[in-house]
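Colleague:
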Amino acid sequence: MGINASVGVGQGDDSYTVGANACQDAIDQLSEKNPDLLIVFSSVKYDQEKMLQGVRSVAPEAMLVGSSTSGEITTQGPLKDNSVVVMAIKSPEIKYFTGVGENIKVNPRAAGKEAADKVKAEAGPALKAFLMIPDVLAGNGADIVRGVLDSLGTHFPVVGGASGDDFAFKKTYQYLNDKVYSGAVVGLGLTGNFKIGIGVKHGWIPVGEPVTVTKSSGSVIHEIDGKPAIKIYEDYFGEEEAKVLRTETLAKLAITYPLGMKVAGSDELLIRDPITVDEHGSITCAAEIPEGSEIRLMVGSRDEAVKVAKAAALNAMEQLEGSAPKAVIIFNCIARNKLFGDKSGDEIKAIQEAIGNQVPLIGFYTYGEQAPLGGEVKNIEKCNSAFHNETVVICVLAD
Amino acid sequence: MDEKNGTERIKQLEELLKEQQQSARLLVRRDLELARANEKLQEFDEIKSNFISVVAHQLRTPLSGIKWTLNMLLNGDLGALNNDQKTFLMKSYESNNRMITLINDMLDTDRIQSGKMHYGFRYINIVDLLDNVLFEISPEAIKRNISIEFKRKLENLPQVYVDPETMRAALQNLLENAIKYTIESGKIVLDVEQVGDMLQISINDTGIGIPEDQKKKIFERFFRGRNAVKRETDGSGLGLYIAKTIVEKHGGTIWFESEENKGTTFYFTVPIKIEDIKKN
């Protein structure tokens with residue numbers, strides 16, 4: 001009797017009913033009807049409070065974590081219509097502990113630490129893995145991860161995805177049990193007898209020559225090679241597009257052309273998403289790019305993205321040492337969804353080729369991902385959890 | 001001399017770097033243009049899709065109304081009919097049914113293409129589903145004196161992991177084709193067997209077959225075999241496209257063997273329940 005997981009989907013107009021239907025659908029497929037844990041991902045189309053009440057009306061006892069998204073993913077692939085998706089998990093071998101850190105806007109690092117401290121206090125030294133759902137529209141994502149690691153230790157396997165809001169970049173939500181938060185980070189700790197495999201890859205390719213960040217503070221790049229940061233996009237995109245860059249959310253235009261910087265411990269450049277640009281041409285990213293960093297403009301290709309998604313899934317499977325996968329949680333960047341357009345299912349299909357298309361799968365399109373660099377979890381000394389962008393993070397659970 | 005060469009080399013490399021940077025800019029701009037064009041196409045596709053969906057739904061409602069009215073007339077609910085009246089009304093009824101089928105195929109195709117086909121996978125017994133579809137389509141087979149039989153007794157088959165609704169549509173399309181293209185008093189033989197971790201379902205008919213030079217196109221949308229068009233059998237050319245998409249969405253494959261004027265066998269596979277694979 002090991003991990004038993006199932007995934008339910010709810011679609012429609014009434015938030016409460018859609019939430020309840022999604023949860024009921026998941027529980028109907030579970031052999032025991034009282035799940036220990038619910039993972040809930042929802043479109044912001046739904047009234048978040050009512051949606052969550054709907055979910056809870058079906059399973060009031062289960063522990064619940066979740067997030068608003070920029071697109072939901074299930075075993076059947078990415079969903080084209082706004083949905084609520086619920087994964088229900090039952091296992092006598094796993095125990096769950098939760099915590100929330102608020103006020104990311106004031107101090108992201110403290111918020112990350114607060115969430116992890118709460119989990120650690122309850123779980124104790126047996127804590128095996130930490131899943132986080134932060135709001136990165138409120139503050140520097142890398143700082144939130146840093147805060148989590150301040151609590152859990154420098155080398156600790158952390159996975160997660162930053163909440164989305166259907167690509168509007170206005171307000172995102174995090175869920176913990178009966179409560180809907182915003183500007184917070186929700187943490188879930190796991191202890192017990194189970195295996196976890198983590199795959200992390202992006203597959204974006206650098207173009208053009210490297211440039212240097214000459215002035216930055218936190219997640220804001222002020223200058224690149226001594227010029228306003230936005231110049232890099234104006235230079236590559238040309239005059240026509242450059243005009244639009246200043247009038248619309250930068251993320252909507254530049255998300256498929258992120259910035260990449262070299263970091264130790266990963267054979268790929270670490271990606272940073274540009275989100276907004278101010279009147280001085282400073283770019284705010286989803287996480288920091290330290291001053292002095294050498295960065296490149298990155299481009300994506302569907303073929304490469306599919307290839308690395310499968311490779312990441314195979315990496316995750318290897319870490320299970322032969323055990324059968326029982327549940328898959330995917331945190332996939334919204335940029336990848338934009339890159340694929342209506343072919344976003346290809347990427348999930350490639351992942352399922354490695355894991356199996358009958359293994360219950362839940363995921364969402366995020367504004368940033370958290371995972372150990374290179375997916376390293378076995379050699380704990382080399383496990384350096386970081387904040388990623390434009391990356392697919394695959395987390396597989398097994399007995 | 002060496003110093004001069006070195007300076008020239010550096011100059012060349014600088015030129016090359018400049019050119020490379022220029023190429024990188026061009027690449028990004030082209031990529032951006034293509035991405036924008038693609039977004040536009042997707043918008044148009046969405047508009048087209050919505051249009052088809054609205055038109056098809058609007059057509060389906062009055063067609064259902066006509067079906068209901070014709071049914072009442074044919075049942076004699078509005079008074080007795082003479083034989084001629086019955087014959088002509090029956091023809092109208094069948095034509096109307098064909099239009100409903102065509103509209104449903106168009107809606108299914110649109111749902112497939114726009115990714116809106118919902119799959120709710122469950123473990124089921126495929127033979128139960130097959131029996132169910134057979135029950136529905138058997139009146140047409142009986143009418144044309146076509147026998148449908150199983151090659152062997154279907155026992156102890158493992159459960160399969162499918163979405164019953166769409167899998168039913170795939171089976172129905174394949175079986176309806178088999179009946180449609182089989183000559184009167186012909187025979188259809190069905191078989192289900194386990195092959196590795198899949199169940200293989202086959203539908204063999206003694207129909208008109210598929211012309212050799214058209215075999216490659218048979219799963220394309222709106223494609224209809226030359227001999228099928230000649231025989232004036234009705235069809236949208238969407239059934240096999242729908243069946244193939246559904247089977248592949250289940251992780252299975254579909255293929256056929258066919259000889260013109262002799263018959264066709266369609267095969268497709270569906271995944272077996274994981275626990276049952278281990279058992280066998």
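Chains as they are written, first to last, in the UniProt record's numbering: chain A, 1 to 399; chain B, 1 to 280. All C-beta atoms in this analysis are idealised placements derived from N, C-alpha and C, irrespective of residue type, glycine included. Every value quoted in this text rests on a predicted model; they were computed, and no experiment measured them.
(1) Under a three-way DSSP split, which group does Phe156 of chain A fall into?
(2) Can you give me, in chain order, the residues of the region 29-62 of chain B that have a beta carbon less than 7 Å from any beta carbon in chain A?
(3) When the Cα atoms are used, what is the spatial distance from Arg152 of chain B to Thr253 of chain B?
(4) Who are the near neighbours of Ala335 of chain A in its chain, counting only those whose CB is closer than 8 Å to its CB and skipping five residues on each side?
(5) For Phe44 of chain B, does the count of other Cβ atoms within 10 angstroms reach 16, so buried, or fall short, so exposed?
(6) By a C-beta neighbour count over all protein chains shown, 10 Å radius and 16 as the cutoff for buried, is Asp84 of chain B buried or exposed?
(7) Among A:Ile394, A:Gln352 and A:Ile329, which residue has its Cα nearest to the Cα of Ile39 of chain A?
(8) Mind checking whether Ala26 of chain A and Val7 of chain A have CB atoms under 8 Å apart?
(9) I need the straight-line Cα distance from Asn71 of chain B to Tyr93 of chain B, nearest angstrom please.
(10) Is the CB of Pro164 of chain B under 8 Å away from at least one CB in chain A?
(11) With burial defined as no fewer than 16 other Cβ atoms inside 10 Å of the residue's Cβ, what is the status of Met51 of chain A: buried or exposed?
(12) Apply the 10 Å Cβ neighbour rule to Met90 of chain B and answer buried if 16 or more other Cβ atoms are within range, or exposed otherwise.
(13) I want to know whether the region 68-87 of chain A touches the region 354-364 of chain A - three or more CB-CB distances under 8 Å.
(14) Quickly, what does DSSP pair Val396 of chain A with across the bridge? List them, please.
(15) Please report how far the alpha carbon of Tyr267 of chain B lies from the alpha carbon of Glu193 of chain B, in whole angstroms.
(16) Distance, Cα to Cα, Gly192 of chain A vs Gly218 of chain A?
(17) Quick check on the DSSP output: the alpha helix (DSSP H) that includes Ala115 of chain A runs from which residue to which?
(18) Please list, in chain order, all residues of the same chain as Glu259 of chain B whose beta carbon is under 8 Å from its beta carbon, the five residues on each side excluded.
(19) Is it true that the CB of Ile198 of chain A sits closer than 8 Å to the CB of Ala371 of chain A?
(20) Determine, using beta carbons only, whether Phe268 of chain B comes closer than 8 Å to chain A.
(21) Taking C-beta to C-beta, are Cys383 of chain A and Pro157 of chain A nearer than 8 Å?
(22) Using a threshold of 8 Å, state whether the C-beta atoms of Gly281 of chain A and Lys243 of chain A are closer than that.
(23) Any contact of the region 138-153 of chain B with the region 105-115 of chain B, i.e. 3+ C-beta pairs under 8 Å?
(24) Around the C-beta of residue 289 of chain B, are 16 or more other C-beta atoms found within 10 angstroms, so that it is buried, or is it exposed?
(25) Taking only three categories from DSSP, how would you classify Cys23 of chain A?
(26) Under 8 Å Cβ-Cβ, which residues of chain B neighbour Val299 of chain A?
(27) Report the rounded CA-to-CA distance for Ala386 of chain A versus Trp255 of chain B, giving the unit in angstroms.
(28) Answer yes or no: do Ile126 of chain B and Ile201 of chain B have a C-beta to C-beta separation smaller than 8 Å?
(29) Which one of B:Tyr119, B:Val133, B:Pro139 and B:Asp197 has the shortest CA to CA distance from Gly356 of chain A?
(30) Using the Cα positions of Ala56 of chain B and Gly153 of chain A, report the straight-line distance between them to the nearest angstrom.
(31) Are three or more beta carbon pairs between the region 12-21 of chain B and the region 156-174 of chain A nearer than 8 Å?
(32) Residues in the same chain with beta-carbon distance under 8 Å from Val308 of chain A, minus the five sequence neighbours each way, listed in chain order, please.
(33) Rounded to the nearest angstrom, what separates Val18 of chain A and Lys326 of chain A at their Cα positions?
(34) Please check if any C-beta of chain B sits within less than 8 Å of the C-beta of Val18 of chain A.
(35) Strictly below 7 Å CB to CB, what residues from chain B border Val207 of chain A?
(36) Can you tell me whether Ser182 of chain A is helix, strand or coil according to DSSP?
Modeller: If we stick to the structure as given:
(1) coil
(2) Arg29, Asp31, Leu32, Ala35, Asn38 and Gln42
(3) 22 Å
(4) Ile255, Thr256, Pro258, Asp273, Gly300, Asn389 and Glu390
(5) exposed
(6) exposed
(7) A:Ile329
(8) yes
(9) 8 Å
(10) no
(11) buried
(12) exposed
(13) yes
(14) A:Gly197 and A:Val328
(15) 11 Å
(16) 37 Å
(17) Pro108 to Ala123
(18) Gly209
(19) yes
(20) no
(21) yes
(22) no
(23) no
(24) Beyond the ends of chain B as shown, which are 1 and 280, falls residue 289 of chain B; an answer cannot be given.
(25) helix
(26) Leu27, Val28 and Asp31
(27) 47 Å
(28) yes
(29) B:Asp197
(30) 60 Å
(31) no
(32) Lys201, His202, Gly203 and Val392
(33) 26 Å
(34) no
(35) Ala24, Leu27 and Val28
(36) coil
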